[in-house]
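**Student:** Below: one structure in structure tokens.
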Amino acid sequence: MLSKKQIFNKGILAVAPHMFSVIPFGIVCGAIGIELGFSPILVYAMSIIIFGGASQIVFLQLLSGGASALIAVTSVGVINSRHLLYGAVLSEYLEKLSFIKKLLISYLVVDQGFAESNKFFQKNKNETHLHYHLLGSGGTLWVCWQISTLAGIILGSFVPEELGLKFAVPLTFIAIVVQDIKKLDHVIVMITCGLSSLLFFDAPFKSYIIISPIIALFVAALVLRLKK
Amino acid sequence: MTWLSIIIAGIITYFMRMTMVALVDRDLLGEKVKAVLAYVPSAVFPAIIFPGIFINDYGTFIEMNDPKIFGAIIAILVGYFSRNVIATIISGLFSYWIIIFLL
Chain A
69 MLSKKQIFNK
79 GILAVAPHMF
89 SVIPFGIVCG
99 AIGIELGFSP
109 ILVYAMSIII
119 FGGASQIVFL
129 QLLSGGASAL
139 IAVTSVGVIN
149 SRHLLYGAVL
159 SEYLEKLSFI
169 KKLLISYLVV
179 DQGFAESNKF
189 FQKNKNETHL
199 HYHLLGSGGT
209 LWVCWQISTL
219 AGIILGSFVP
229 EELGLKFAVP
239 LTFIAIVVQD
249 IKKLDHVIVM
259 ITCGLSSLLF
269 FDAPFKSYII
279 ISPIIALFVA
289 ALVLRLKK
Chain B
1385 MTWLSIIIAG
1395 IITYFMRMTM
1405 VALVDRDLLG
1415 EKVKAVLAYV
1425 PSAVFPAIIF
1435 PGIFINDYGT
1445 FIEMNDPKIF
1455 GAIIAILVGY
1465 FSRNVIATII
1475 SGLFSYWIII
1485 FLL
């Protein structure tokens, strides 16, 4: 049985490598906000209030492009609706927590933290303090996101656009799923999701980000039925 | 107005994170649903990966000789064999930069 601190540290270590993508992306997010002409305080406040990389950029781009607040808010909601799926997966491991702790820990769930903590949970189902892993991973991502968006806000136009730092985002997620390409069922699900996302890319409110996972999960259900 | 929108967007995002963890009883989900949920990472992350590679900042498809495709292939190979997150990200970024800046 691992102690709380040991599990917490494992959570930190599990997401630490993703900083090679999170920090550049955070800097780009902060810099874009300033470039679009928003006040530094407003751009930074989003990192605390919304705390969701891509959705923060989309929100500011829509508003600066003249879209209504309703469209910008709806888009953020649609983009972040994938967290419903993360929550459904994590709930199994967090069900013993008190209601208050569930409310608090939910704020820290983001993509990479979910991915890495979920991997840990699957292998260590019998540990008692599982949620400390999520605290470690989510807490680390939160701190780095705050610092890097702040750095982007300060650096602003000094961030060289030609570096294409946003490309670090798909790379970090490749690192998360790449070991599953040995499994045919997972490959089918991944390709379904990926192709759907390109097909539905122009769907309103960036909804490709939730439409394609839903299609892919239906395919997963079919695959499961065929496997039996 | 912008501030109000940010706060509402933040509340909505928080509810997306919290609802399934705190408000929905896990027992409501049947065994079949739980089995399907095991595919969530494979069903969600490609929707971030594919557009991040194949669609540019202006929302149009990239050319088939775009350096991002090369970078992604290198990252997949390095990631698969090294099982190392840092190596995956760095190899992808560097192979992408090499093509942009040197070729």
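Those protein sequences? They're chains A and B, same order as listed. In this text, residue positions in the first sequence follow the working numbering: the first is 69, and each later residue adds one. In this text, residue positions in the second sequence follow the working numbering: the first is 1385, and each later residue adds one. For each residue, glycine too, the CB sits at the ideal point set by N, CA and C. Every value quoted in this text rests on a predicted model; they were computed, and no experiment measured them.
1) Using 10 angstroms around the beta-carbon of Tyr1442/B, count the other beta-carbons present and answer buried if the total reaches 16, otherwise exposed.
2) Does the separation of the CB atoms of Ser174/A and Ile278/A fall below 7 Å?
3) What span of residues does the alpha helix (DSSP H) with Ala120/A cover, start to end?
4) So, do the stretch 111–127 of chain A and the stretch 1391–1400 of chain B have three or more beta carbon pairs nearer to each other than 8 Å?
5) Any beta carbon from chain A within less than 7 Å of Leu1461/B's own beta carbon?
6) According to DSSP, is Phe1445/B part of a helix, a strand, or is it coil?
7) Against chain A, with Cβ distances strictly below 7 Å, would Met1404/B count as a contact?
8) Could you give the first and the last residue of the continuous alpha helix (DSSP H) run that contains Gln180/A?
9) Is it right to say Asp270/A is buried, meaning 16 or more other beta carbons lie within 10 angstroms of its own, or is it exposed?
10) DSSP beta-bridge partners for Ile1439/B?
11) For His254/A, does the three-state DSSP call read helix, strand or coil?
12) Between Thr217/A and the rest of its own chain, which residues show a CB-CB distance below 6 Å, the 5 nearest in sequence each way excluded?
13) In chain order, what residues of the same chain lie with their CB nearer than 7 Å to the CB of Gly207/A, ignoring the 5 residues before and after it?
14) So for Lys296/A, helix, strand or coil by DSSP?
15) With a threshold of 8 Å on Cβ separation, who are the neighbours of Val1473/B within its own chain once the five nearest residues in sequence on each side are excluded?
16) Just to confirm, are Leu285/A and Val1420/B a CB contact at a threshold of 7 Å?
17) Classify Ala288/A as helix, strand or coil using the three-state DSSP reduction.
18) Check each candidate in Ala113/A, Val90/A and Ile91/A and name the one with the smallest Cα separation from Gly101/A.
19) Check the Cβ of Leu1487/B against every Cβ in chain A and list those closer than 8 Å, keeping chain order.
20) Just to confirm my understanding: we take Ser275/A, look at its own chain, exclude 5 residues before and 5 after, and list those with CB closer than 8 Å. What are they?
21) Cβ of His199/A less than 7 Å from any chain B Cβ?
22) Please classify Asn1449/B as buried or exposed, where buried requires at least 16 neighbouring CB atoms within 10 angstroms.
23) Give the DSSP-derived three-state secondary structure of Leu70/A in the structure shown.
24) Counting C-beta neighbours from all protein chains within 10 Å, is the total for Ser1475/B 16 or more, i.e. buried, or is it exposed?
25) I believe Leu165/A touches His199/A by the beta-carbon criterion, under 8 Å. Please report the beta-carbon distance rounded to the nearest angstrom.
26) So for Phe149/A, helix, strand or coil by DSSP?
27) Could you pull the start and end residues of the alpha helix (DSSP H) that Phe1465/B belongs to?
28) Whose Cβ in chain B lies nearer than 8 Å to the Cβ of Ile277/A?
29) Under 8 Å, CB to CB, which of the residues in the stretch 1449–1483 of chain B have a partner in chain A?
30) Taking Ala288/A as the reference, which of Leu1388/B, Val1428/B and Ala1456/B has the closest Cα?
31) Can you tell me the Cα-Cα spacing of Val1462/B and Ser1479/B, whole angstroms?
**Tutor:** Reading it off the structure:
1) Along the second sequence, read from residue 1 onward, the residue named residue 1442/B stands at position 58. Flag for Tyr1442/B reads exposed.
2) Numbered from its first residue, the first sequence carries residue 174/A at position 106. Numbered from its first residue, the first sequence carries residue 278/A at position 210. Contact: no.
3) Looking up residue 120/A in the first sequence gives position 52. It is worth fixing the name first, because residue 120/A is Gly in this sequence and not Ala. Note, Gly120/A: premise wrong, no alpha helix (DSSP H); not H, not E.
4) yes
5) Taking the first residue of the second sequence as position 1, residue 1461/B is located at position 77. No, because no Cβ of chain A sits closer than 7 Å to the Cβ of Leu1461/B.
6) Indexing the second sequence from 1 puts residue 1445/B at position 61. It is a strand residue.
7) One-based indexing of the second sequence puts residue 1404/B at position 20. Judged by the 7 Å Cβ criterion, Met1404/B is in contact with chain A.
8) Reading the first sequence from its first residue, position 112 is the one you call residue 180/A. Looking at the DSSP string, the run of the alpha helix (DSSP H) that includes Gln180/A is Asp179 to Lys191.
9) By 1-based counting over the first sequence, the position of residue 270/A is 202. By the 10 Å Cβ count, Asp270/A comes out exposed.
10) If you number the second sequence from 1, residue 1439/B lands on position 55. Answer is Phe1445/B.
11) The residue labelled residue 254/A in the question sits at position 186 within the first sequence. Three-state result, His254/A: helix.
12) As a working note, residue 217/A is residue 149 in the first sequence. Hits under 6 Å: Gly94, Cys97, Gly98 and Ser115.
13) What you label residue 207/A is simply residue 139 of the first sequence in a count that begins at 1. If we look at Gly207/A and ignore the five residues flanking it on each side, its Cβ neighbours are Leu176.
14) The sequence position of residue 296/A within the first sequence is 228, counting from 1. The answer is coil: DSSP assigns Lys296/A none of H, G, I, E or B.
15) Taking the second sequence and counting its residues from 1, one reaches residue 1473/B at position 89. The amino acid occupying residue 1473/B in the given sequence is Ile; Val does not appear at that position. Only Ala1459 meet the Cβ criterion.
16) Reading the first sequence from its first residue, position 217 is the one you call residue 285/A. Reading the second sequence from its first residue, position 36 is the one you call residue 1420/B. For Leu285/A and Val1420/B, yes; Cβs fall inside 7 Å.
17) The sequence position of residue 288/A within the first sequence is 220, counting from 1. Three-state result, Ala288/A: helix.
18) Indexing the first sequence from 1 puts residue 101/A at position 33. When each option's Cα is compared against that of Gly101/A, the closest is Ala113/A.
19) Counted from its first residue, the second sequence places residue 1487/B at position 103. What Leu1487/B touches in chain A: nothing, since even the nearest Cβ is about 14 Å away.
20) Walking along the first sequence from the start, residue 275/A turns up at place 207. So the list reads Val146 and Phe268, once near-sequence residues are dropped.
21) One-based indexing of the first sequence puts residue 199/A at position 131. Cβ-Cβ to chain B under 7 Å: no for His199/A.
22) Working through the second sequence from its first residue, we reach residue 1449/B at position 65. Exposed: under 16 other Cβ atoms inside 10 Å.
23) In the first sequence, residue 70/A corresponds to position 2, counting from 1. Here Leu70/A sits in coil by DSSP.
24) Taking the first residue of the second sequence as 1, we reach residue 1475/B at position 91. Ser1475/B comes out buried.
25) As a working mapping, residue 165/A is identified with position 97 in the first sequence. As a working mapping, residue 199/A is identified with position 131 in the first sequence. About 6 Å; that satisfies the 8 Å criterion.
26) For the purposes of this step, residue 149/A is identified with residue 81 of the first sequence, where counting begins at 1. Strictly speaking, residue 149/A in this sequence is Ser, with Phe absent from that position. Note: Ser149/A maps to coil in three-state DSSP.
27) Residue 1465/B sits at position 81 when you count from the first residue of the second sequence. Looking at the DSSP string, the run of the alpha helix (DSSP H) that includes Phe1465/B is Pro1451 to Ser1466.
28) Position 209 of the first sequence, counted from the first residue, corresponds to residue 277/A. Simply Ala1431 and Ile1432.
29) Lys1452, Gly1455, Ala1456, Ala1459, Ile1460, Gly1463, Tyr1464, Arg1467, Asn1468, Val1469, Ile1470, Thr1472, Ile1473, Ile1474, Gly1476, Leu1477, Tyr1480 and Trp1481
30) If you number the first sequence from 1, residue 288/A lands on position 220. Of the candidates Leu1388/B, Val1428/B and Ala1456/B, the one whose C-alpha sits nearest the C-alpha of Ala288/A is Val1428/B.
31) Indexing the second sequence from 1 puts residue 1462/B at position 78. Indexing the second sequence from 1 puts residue 1479/B at position 95. About 11 Å.
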